[in-house]
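Quick notes on the structure that follows.
There are 2 protein chains.
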Amino acid sequence: MNAPHESQNLRCPIPDEMIADLQAKFGDRFSRSNAVRDHHGKDESPFPSMLPDGVVFAESTDEVVAVVKLCDKHGVPLIPYGSGSSLEGHILAVQGGISLDLTRMNKIVALHAEDQTVTVQAGLTRKQLNEQIRDTGLFFPIDPGADASLGGMSATRASGTNAVRYGTMRENVVSLTVVTAQGKVIRTSRRARKSSAGYDLTRLFVGSEGTLGVITEVTVKLYPQPEAVSAAVCNFPSVHDAVECVIQTIQLGVPVARVELMNAEAVRASNAYSKLTLRETPLLLFEFHGSEASVKEQAQTVQDIAKDCGGMDFEWAERPEDRNRLWTARHNAYFAGLQLRPGCKASTTDVCVPISRLAECIDAATEALSKVSFPSTIVGHVGDGNFHVLMLLDPDSEAEWAESERLNYQLVMQAIQADGTCTGEHGIGLHKKQFMVHEHGEDALDLMRSLKLAFDPNNILNPGKVLDPRM
Amino acid sequence: MNAPHESQNLRCPIPDEMIADLQAKFGDRFSRSNAVRDHHGKDESPFPSMLPDGVVFAESTDEVVAVVKLCDKHGVPLIPYGSGSSLEGHILAVQGGISLDLTRMNKIVALHAEDQTVTVQAGLTRKQLNEQIRDTGLFFPIDPGADASLGGMSATRASGTNAVRYGTMRENVVSLTVVTAQGKVIRTSRRARKSSAGYDLTRLFVGSEGTLGVITEVTVKLYPQPEAVSAAVCNFPSVHDAVECVIQTIQLGVPVARVELMNAEAVRASNAYSKLTLRETPLLLFEFHGSEASVKEQAQTVQDIAKDCGGMDFEWAERPEDRNRLWTARHNAYFAGLQLRPGCKASTTDVCVPISRLAECIDAATEALSKVSFPSTIVGHVGDGNFHVLMLLDPDSEAEWAESERLNYQLVMQAIQADGTCTGEHGIGLHKKQFMVHEHGEDALDLMRSLKLAFDPNNILNPGKVLDPRM
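So the protein lines, in turn, are chains A and B.
Numbering-wise (numbering that gives the first Met the number 0), the first sequence opens with residue 0 and increments by one.
Numbering-wise (numbering that gives the first Met the number 0), the second sequence opens with residue 0 and increments by one.
Have a look at this one:
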């Protein structure tokens, strides 16, 4: 597959002096072994591996500072590494350099249950967090499927199934501790719920994909575990009907916690992979959070809408184990999809459009998929106007890759024409850089470039991602 | 009162060539009359007037571009002007220059009711907006009291009484059209509900106070008008008890739409000014939005909490006219306060702290106010941890001004120690610049300065606000 070829030309190996410094400081937490480099040089994206020259396992913000300063001094690229679950090539070492593994920074720094915030080290994953705070009666809702790290989720502005009710990382990060390209440690905001004190550095680092600074601590909002939760499946005769139901639900302001679309192929894959017996037509997976009364009210409203849209009766999953089975199946939709074509490599689209334009965009995707030569599924966080086409490709076929890229291009350009975005939640990484100019225009990109230059003048922070320098 | 004295030294008058260009282009929409300059050289802050050298009344983004380019070419300061309701000196022309009046840019550009967004010109005020969209069944909830322009509200990251439920301008601005310091027109984001496509320029311009670019159009979220609304007043024996009730309400996750604190002095002032008969003890003003059932449920929960905290029975205002009377009184609390001391000048504090620290901070403010020589009131958007002390000062008394500044300093430093902010919603302007380093630290401020330099290298955009250059 056609990976960026800049890698070989721009590669700058680590100078011997820096290697000696890293060995002295980190001992065996600095590795140049092939196995460790290989592990840090690939992600869930369709790109081939691109290995860093070395990997440092940091255990504190101070250690991150030390690594950043060495990289800055020697002009060596630095790539923060969380859980490696990127779908767009964020952590690939296109210019070599150091992969800075933060997985050992996985402690809770401060839990403020009474303020419903928690501060964690960047390497803690969302599941680890929720396990550790379960007894507080609070939970962290953002759920991108993968068990991503909080640092990685901040860096890609992640969201997922609960975003329709609880927002994305944009709304849920309160404050960040960041090591700048110059090795300074800043905190981007204080812990008050709101502030008008100067430029919003928090939101600037959220979604910056490791290119403006290294996030080492994250303070996020927590929410009371809802008094009542119920989940339901509703089958529809067509994807279009299901999408219509979602649009009306959102427009009516029903505060659904999750509403997920799966097309018939995605259901079939999940049945096979997760041993379920869901009816194999397009379906919506709903979850309602609130008081007992409010959950009942929401569910009734949505059932009425669904019926109007041709939906069948709701099938309920009220017991936690049934809900878990259902959501595990949804979360495994990616891996279930992969099993539709054993040995395949997946490429995923990620457009997000205003809800009024969602039906036409999904219809166009469905129509286009009926003509391609590879298997595929469609799943979507449709309450946000966000959906994914999972394209299951023969890893050895240049033709299928080219075909999938053409389809992605077509869907993205249609989304942008509909006032939408090339990426709702996966980020730009390597794969979406080509669309930045279509989405933002050259002048806005110039502002972003000037910002990158101001924050990282030596271009050491995850170079080659998000933006290319102006030609 | 001790206004910044830099103004005289740094003042750069408009060159004759630029005056001629402005006259040619704008005719009588370019004014250098004393009356017009005077109107644009003062706001609701305690600072004395600082007049611009001229005022341009722009009617389109293209006209804004023309003015920005002239200012950039000649190095003349440019100050965007919305409704002049700043409390912190944002629009004062500390270095002279052009005040760019956007009030004639007050049209709705595009209403997308089905997506619950509206795009407006920056000069449209929030009341104008809500009047014009009333028939759609939607409303714009952010309500800072003053009938501010959407551009000004974006520029100061405003919030107000509804923020506890609906968020601030940070959460509610979807996209901005901005004229950069170089006279380029950018749109900061597309209209999808979420995106991970590059740096968050939207959030960067929200709260930038006219120092990074001129906002000319704003796209904001709208919300369905709630099916049911009810409001209630609850009196408490002390401010401390009232605050305890709020803290428990928020911690329980009750989705109150508004919860406002008034201390006894504020109630007294409102009774006199707004001809009300509220019991003159500390009170909370609640508003609940939702379905009939949900509003009942919320109200019952909060009544139970209030009772536990020593609150009296709720007094309900269910008819729209009664609610309006109540909220008008709350909105007029500022002007009501001024009437406590006819002829006075007001200075307002604006700290915001994590909710767990709110009681101690308000207690300290109450204690400190018992010792000062001027009258005062306390009101607060306490659900957000945000409260204001309105200090009513003799405009001729340097001693009172100094005393009020000492009190503000004390409250801000306590808030910052409590992990809070010097300004919850009013912005930095001139008045809070001294606190930026305490709140953010020198290294974060350096990042903000590098950002300002990257976006506005000639320092023409509202110079002297938010940040001072590094000494």
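Every residue, glycine too, gets a C-beta built ideally from N, C-alpha and C.
Only a predicted model underlies this, so the values are computations on that prediction, with no experimental measurement involved.
inquiry  = Measuring alpha carbon to alpha carbon, tell me which residue in A:31, A:41, A:66, A:131 is nearest residue 24 of chain A.
reply    = A:66
ask   = Mapping DSSP to helix, strand and coil, what is residue 441 of chain A?
value = helix
ask   = Which two residues bound the contiguous alpha helix (DSSP H) that contains residue 409 of chain B?
value = 397-416
inquiry  = Rounded to the nearest angstrom, what separates residue 182 of chain B and residue 390 of chain B at their Cα positions?
reply    = 41 Å
task = Could you tell me whether any Cβ in chain A is nearer than 8 Å to the Cβ of residue 265 of chain B?
result = no
ask   = Along the chain, where does the beta strand (DSSP E) that runs through residue 186 of chain A open and close?
value = 184-186
8 Å Cβ cut-off: residues of chain B touching residue 435 of chain A = 196, 197
query = Is residue 271 of chain B closer than 8 Å to residue 360 of chain B when the C-beta atoms are compared?
reply = no
ask   = What's the gap between the Cα of residue 472 of chain A and the Cα of residue 39 of chain A?
value = The structure shown does not extend to residue 472 of chain A, since chain A is modelled only from 0 to 470, so the question has no answer here.
message = Quick check: the segment 185-195 of chain A against the segment 434-446 of chain B, are at least 3 beta-carbon pairs closer than 8 Å?
response = yes
task = Please work out which residues of its chain come closer than 8 Å, Cβ to Cβ, to residue 247 of chain A, disregarding the five sequence neighbours upstream and downstream, and give them in chain order.
result = 304, 307, 308
query = Based on the DSSP output, what are the partners of residue 345 of chain A in its beta bridges?
reply = A:391
inquiry  = Which same chain residues end up closer than 8 Å to residue 250 of chain B when comparing Cβ atoms and leaving out the 5 residues on each side of it in sequence?
reply    = 354
message = Once DSSP output is grouped into helix, strand and coil, what is the label at residue 3 of chain B?
response = Since pLDDT at residue 3 of chain B reaches only 44, below the 50 mark, its modelled position is unreliable, and no value is offered.
query = Measuring CA to CA, which of B:244, B:302, B:371, B:400 is closest to residue 346 of chain B?
reply = B:400
query = So which residues of chain B does residue 170 of chain A contact, with C-beta pairs closer than 8 Å?
reply = 166, 170
ask   = Quick check: the segment 289-299 of chain A against the segment 201-209 of chain A, are there 3 or more CB pairs under 8 Å?
value = no
inquiry  = Does the structure place the segment 144-160 of chain B close enough to the segment 120-140 of chain A that three or more beta carbon pairs sit under 8 Å?
reply    = no
Beta-carbon gap between residue 257 of chain B and residue 291 of chain B smaller than 8 Å = no
ask   = Buried or exposed: residue 276 of chain B, going by 16 or more other Cβ atoms within 10 Å of its Cβ?
value = exposed
task = Determine the contact status of residue 35 of chain B and residue 54 of chain B, defining contact as a CB-CB distance below 8 Å.
result = yes
request  = Report yes if the C-beta distance between residue 214 of chain B and residue 177 of chain B is below 8 Å; otherwise report no.
outcome  = yes
key: Three-way DSSP call (helix, strand, coil) for residue 301 of chain A in this model   = helix
key: Sequence-distant residues of the same chain with beta carbon closer than 6 Å to residue 98 of chain A, five excluded per side   = 39, 51, 54, 78, 80
key: Contacts that residue 353 of chain B makes with chain A (C-beta to C-beta distance below 9 Å)   = 111, 113, 114, 116, 189, 190, 191, 192
ask   = Whose Cβ in chain A lies nearer than 7 Å to the Cβ of residue 183 of chain B?
value = 442
key: Inter-residue Cα distance where the pair is residue 455 of chain A and residue 211 of chain A   = 6 Å
Interface positions of the segment 301-319 of chain B facing chain A (Cβ-Cβ less than 9 Å), listed along the chain = none
ask   = In chain order, what residues of the same chain have a beta carbon less than 7 Å from the beta carbon of residue 43 of chain B, not counting five sequence neighbours either side?
value = 84, 85, 86
query = If you drop the 5 nearest sequence neighbours on each side, which residues of the same chain put their C-beta closer than 6 Å to that of residue 280 of chain B?
reply = 234, 263
request  = Go to residue 372 of chain B, then tell me how far its beta strand (DSSP E) extends in each direction, as first and last residue.
outcome  = Per DSSP, residue 372 of chain B belongs to no beta strand (DSSP E) and is neither H nor E.
inquiry  = Using only CA atoms, which one of B:410, B:28, B:47 lies nearest to residue 472 of chain B?
reply    = No answer is possible for residue 472 of chain B: it lies beyond the span of chain B, which begins at 0 and ends at 470.
Local Cβ density within 10 Å of residue 330 of chain B, reported as buried at 16 or more and exposed below that = buried
inquiry  = On the CB-based measure, 16 or more other CB atoms within 10 Å of its CB, does residue 436 of chain B come out buried or exposed?
reply    = exposed
Residue 412 of chain B versus residue 191 of chain A - alpha carbon distance = 14 Å
task = Kindly identify the DSSP beta-bridge partner or partners of residue 148 of chain A.
result = A:124
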